[in-house]
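The sequence shown runs contiguously to residue 355 in the working numbering. Notes for the one structure printed next.
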Amino acid sequence: MTSVSTVDTLGAVLLVLWAAAMWLAVAVLAVANRGPVRPWLYRTAVGLIGVGAIGQLGHFQEHVAQAGYWVAHPTAPAWMTPLGDSLARGLGQVDTAKPSLGMEILHLLGNFIFLAGLVGIVQITRRATRQLASRKWARMGVWMQGVHGVEHAVLTLSVALGATRAVGLSTWFGTIEAGPALTTYRVWWHFVANLVGTAILVLSLYHLWRERQAVRSDYLPEDTDGPPSAPGASAPGACPVRRSGPVAAEEGEPGREPVLTGRTE
91 MTSVSTVDTL
101 GAVLLVLWAA
111 AMWLAVAVLA
121 VANRGPVRPW
131 LYRTAVGLIG
141 VGAIGQLGHF
151 QEHVAQAGYW
161 VAHPTAPAWM
171 TPLGDSLARG
181 LGQVDTAKPS
191 LGMEILHLLG
201 NFIFLAGLVG
211 IVQITRRATR
221 QLASRKWARM
231 GVWMQGVHGV
241 EHAVLTLSVA
251 LGATRAVGLS
261 TWFGTIEAGP
271 ALTTYRVWWH
281 FVANLVGTAI
291 LVLSLYHLWR
301 ERQAVRSDYL
311 PEDTDGPPSA
321 PGASAPGACP
331 VRRSGPVAAE
341 EGEPGREPVL
351 TGRTE
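In structure tokens:
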């Protein structure tokens, strides 16, 4: 059995907290966006999107590395990067009797972090009064990654419950025997799924950048809660302007007599 270091454990704990914090932010945004406009909602959504994009970059590079390793070693067992292997060891402490459980949990968390970032784009564009391309692409990504998340949840749960091989679409429901065939099918299945998901994220972010002014304007506070003022009326709370001289006399300002020029006492 491979020993688990303190670094492995710390990395696993931080990854779990990362995913939990992102979905807590999603819940806060979903509830708060139903109420009045609050400028902090925009900043929170931007942060959620940024952290989700960073998480997906790390997740996707793991699948790129696995596919690259397969190209060089097509008959070898599946491989993980040193960082991925460290996180999998830390997460695998949940049940050390199941060696592949840590790896399944790792990819499940990676997918959930990515999915939270896509939901962040949907939330930040929720108040838009017109059709936005960024929202359309993000919703497409949420559906796709939602299905992918279910796949990872099923894979993880099957291993946790004691299946000899993970059960899911990427293992043809556990019917493919362990070996080069299973490795090939699973590595490329997840690589393609993440490639498409990442492309959707990039397109959504591109359009969000182009539409950022329209999106941000939806979170600006209202100028006034009442009906628009009549022309020439003073703004609420402003000091009245005292008029003097002929204009005041002509308008008959109350309490003030007209001044007679040339009058002597």
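Don't be surprised by glycine CBs; every beta carbon is placed ideally from N, CA and C.
(request) Kindly indicate which three-state DSSP category D185 falls into: helix, strand or coil? (result) What you label residue 185 is simply residue 95 of the sequence shown in a count that begins at 1. Three-state DSSP puts D185 in coil, outside helix and strand.
(request) Assuming L119 contacts A135 (C-beta within less than 8 Å), just tell me the rounded distance between them. (result) Working through the sequence shown from its first residue, we reach residue 119 at position 29. Working through the sequence shown from its first residue, we reach residue 135 at position 45. Their Cβ separation, rounded to whole angstroms, is 6 Å, which keeps L119 and A135 in contact under 8 Å.
(request) Output the boundary residues of the alpha helix (DSSP H) element that contains S248. (result) Here the question's residue 248 lines up with position 158 in the sequence shown. Counting along the chain, the alpha helix (DSSP H) containing S248 begins and ends at A223 to A250.
(request) Could you check if A117 is buried or exposed, using at least 16 other CB atoms within 10 Å of its CB as the buried criterion? (result) By 1-based counting over the sequence shown, the position of residue 117 is 27. With fewer than 16 other Cβ atoms within 10 Å, it is exposed.
(message) Suppose contacts are defined by Cβ-Cβ distances below 9 Å. Is L199 in contact with L181 by that definition?
(response) For the purposes of this step, residue 199 is taken as the residue at position 109 of the sequence shown. For the purposes of this step, residue 181 is taken as the residue at position 91 of the sequence shown. The answer is yes: Cβ separation under 9 Å.
(message) Pop quiz: A122 and S190 are said to be a contact at Cβ under 8 Å. What is the actual Cβ separation, rounded to whole angstroms?
(response) As a first step, residue 122 is located in the sequence shown; it is residue number 32 there, counting from the start. As a first step, residue 190 is located in the sequence shown; it is residue number 100 there, counting from the start. Going by Cβ atoms, the distance from A122 to S190 rounds to 39 Å, so no, they are not a contact pair.
(request) Identify, in the order they occur along the chain, each residue of the same chain with its Cβ nearer than 7 Å to the Cβ of R216, setting aside the five sequence neighbours on each side. (result) Here residue 216 is taken as the residue at index 126 of the sequence shown, counted from 1. If we look at R216 and ignore the five residues flanking it on each side, its Cβ neighbours are N123.
(message) By the DSSP assignment, the alpha helix (DSSP H) with P270 in it spans what residues?
(response) Stepping through the sequence shown from its first residue, residue 270 is reached at position 180. First-last of the alpha helix (DSSP H) with P270: P270 to R300.
(request) Go ahead and label I139 buried or exposed: buried means 16 or more other beta carbons lie within 10 angstroms of its beta carbon, across all protein chains shown. (result) Stepping through the sequence shown from its first residue, residue 139 is reached at position 49. Classification of I139: buried, given that the 10 Å Cβ count is 16 or more.
(request) Use the C-beta contact count for F204: other C-beta atoms within 10 angstroms, 16 or more gives buried, fewer gives exposed. (result) Position 114 of the sequence shown, counting from 1, holds the residue named residue 204. Counting Cβ neighbours within 10 Å, F204 comes out buried, since at least 16 surround it.
(request) Could you spell out where the alpha helix (DSSP H) holding L399 opens and where it closes? (result) No statement about residue 399 is possible, as the shown extent of the chain runs from 91 to 355 and does not include it.
(message) Let me confirm a value: D185 is counted as buried when at least 16 other C-beta atoms fall within 10 Å, else exposed. Which label applies?
(response) Here residue 185 is taken as the residue at index 95 of the sequence shown, counted from 1. The residue is exposed, with fewer than 16 neighbouring Cβ atoms inside 10 Å.
(message) Rounded to the nearest angstrom, what separates V277 and M234 at their Cα positions?
(response) Here residue 277 corresponds to residue number 187 of the sequence shown, with the count starting at 1. Here residue 234 corresponds to residue number 144 of the sequence shown, with the count starting at 1. About 18 Å.
(request) Assess, as a yes-or-no matter, whether the stretch 236 to 255 is touched by the stretch 148 to 166 under the definition of 3 or more beta carbon pairs within less than 8 Å. (result) no
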